[in-house]
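Residues in the sequence shown are numbered consecutively from 696, following our numbering.
The C-beta atom is built at its ideal place from N, Cα and C for all residues, glycine as well.
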Amino acid sequence: MKRINRILGLLLLTLVVFSPARGFAAALSLTERGDSAYEADNFVLAEQLYISALEKHGTSPSLYYNIGNAYYRQGNLGMAVVNYERALKLDPTDEDARANLEFVQGKLADKQFDDGSIMTRLSDRAVSAFKADTWAVIAVVLFAVFIGCIAVYLFANAVVLRKISFFGGIIVFVTTFIAIIISFAAANRVTSSDYGIILPPAAQLATTPRVARSQSEQAFLLHEGTKVMIVDSISTSAEGKWYEVRVGARERAWIKADEIEKI
């Protein structure tokens, strides 16, 4: 009897320990079912299954990429752009997501606006070069090299080695500091929601946070898939929630919150 109870106890322990894996298998099954639906050209069902997998299993670049593909095949360019952008937020090195994003952007009515100076574009490229974790590892490795340079400078007898380690250490230290800044910027990019995508085929922006009541209150028109930076928001009982957005380097206007999907 004791032996039977021991076996039952082991079985119960096994079920408890491995129960999270069952949840993972269920999420994986949703993804596989989504793939099957996509291959069968049932893009609405594929979208629903991928989103269910996202909700159960958590965010991932591959799921956002698949959702973006499903939206594109339904003709929803705005949400396709949103999900490709989300995939690239998590993994800026995802070449498939970047290629598809550029392909869809080529079909949009509005061109992609230049949103800053040369330095801003360079910093954006640096942040997008690797994941935040990769930049952190680079910073750690560089710091280790910096410590090595200090050791060589302190203990080497050759003057040439001491000079090389001194000036090389300065360069490595500066590079390490830059890598740390970029890693923080990359991590902040993942969690921030400063950008959004226009969803309607056409959205009229206003100079004030309300529906334009005259031509003078009309700012400009933006179309589906256009990326904007959200700089402010306001909510009123009469007009609802509005976002102040920046387009390009200088243009700013107000748009209804329900006409934008945050990335």
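Identify, in the order they occur along the chain, each residue of the same chain with its Cβ nearer than 6 Å to the Cβ of residue i, setting aside the five sequence neighbours on each side.
i      : result
Val836 : none
Asp869 : One point to set straight first is that residue 869 is Val, not Asp, in the sequence displayed. So the list is empty, once near-sequence residues are dropped.
Val832 : none
Asn761 : Tyr745
So, for residue i: in the same chain, excluding its five sequence neighbours on each side, which residues have a beta-carbon less than 8 Å away from its beta-carbon?
i      : result
Ile845 : Ser860 and Gly864
Leaving aside the five residues before and after residue i along the sequence, list all residues of the same chain whose C-beta is less than 7 Å from its C-beta, in chain order.
i      : result
Ala901 : Ala907, Glu912, Gln913, Ala914, Ala948 and Trp949
Ala748 : Ala722, Leu725, Thr726, Gly729 and Leu758
Reducing DSSP to helix, strand and coil, say where residue i ends up.
i      : result
Phe915 : strand
Gln800 : helix
Thr870 : helix
Val940 : strand
Ile958 : coil
Glu742 : helix
Thr886 : helix
Arg947 : strand
Lys922 : strand
According to the neighbour-count rule (16 or more other Cβ atoms, all chains shown, within 10 Å of its Cβ), is residue i buried or exposed?
i      : result
Gly770 : exposed
Thr726 : buried
Lys936 : exposed
Ser887 : exposed
Val940 : buried
Phe862 : exposed
Leu783 : buried
Thinking C-alpha only, which one of the options is nearest residue i?
i      : options                           : result
Asp736 : Tyr767, Ser724 and Glu946         : Tyr767
Leu894 : Val867, Ser909, Pro904 and His918 : His918
Thr788 : Gln743, Ser823 and Asn795         : Ser823
Leu933 : Lys951, Thr921, Glu790 and Ser731 : Before going on, a small fix: residue 933 reads as Ala here, not Leu. Comparing Cα-Cα distances from Ala933 to each of Lys951, Thr921, Glu790 and Ser731, the minimum goes to Lys951.
Please confirm whether residue i has its beta-carbon closer than 8 Å to some beta-carbon of chain C.
i      : result
Leu749 : In the structure shown, chain C does not exist; there is a single protein chain.
Checklist entry - Looking at C-beta atoms only, is the number of pairs between the stretch 768-782 and the stretch 799-809 that lie closer than 8 Å three or more? => result yes
Checklist entry - Does the pairing of the stretch 814-821 with the stretch 844-858 give three or more beta-carbon distances under 8 Å? => result no
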